[in-house]
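A.B. asks: The structure follows.
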Amino acid sequence: MANHKSAIKRHRQNLLARARNRAVKTRVRNVIKAVRAALIGGDAAAAETALLTATKVLDKAATKKIIHWKTAARNISRLSTAVSKAKSA
1 MANHKSAIKR HRQNLLARAR NRAVKTRVRN VIKAVRAALI GGDAAAAETA LLTATKVLDK
61 AATKKIIHWK TAARNISRLS TAVSKAKSA
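This is the structure in structure tokens:
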């Protein structure tokens, strides 16, 4: 454990950031699962609604640098493609 006042504060801040980042990453995984579940269920309208939410959550996580922006873009692209295929089918 740190002894200096600044190091103790930094440790406290790191714990808070870690908790926040874990919560955001969990949310990202859950919204992606929601889109995929709607696609598997064959509900294109629900998938489209879930995609809008997923896009917003992924973009926000990328903006806050919790996930890499290219990872967010790749996930959004793949989900969008899958939803558009489901709508056309």
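Letter by letter, the sequence shown follows residues 1 to 89 in the working numbering. Here a beta-carbon is modelled for each residue, glycine too, at the ideal position from N, C-alpha and C.
Smallest Cα separation from K25: which of N75, L79, I67, A86?
C.D. replies: Cα-wise, what sits closest to K25 is I67.
A.B. asks: Is L16 near the ligand FAD - that is, is its Cβ less than 6 Å away from at least one heavy atom of it?
C.D. replies: In the structure on display, the ligand FAD does not appear, and there are no ligands present to speak of.
A.B. asks: Among R74, A61, A47, M1, which has the Cα closest to the Cα of S88?
C.D. replies: Looking at the Cα atoms, A47 is the closest of the given residues.
A.B. asks: Report the option in G41, A73, W69 whose CA atom is closest to the CA atom of A86.
C.D. replies: It is G41.
A.B. asks: Quick one: Cα of R36 to Cα of L79, how far?
C.D. replies: Approximately 8 Å, taken between the alpha carbons.
A.B. asks: Take the Cβ of N30 as the centre, count every other Cβ of all protein chains shown within 10 Å, and call the residue buried at 16 or more, exposed below.
C.D. replies: So N30 counts as exposed.
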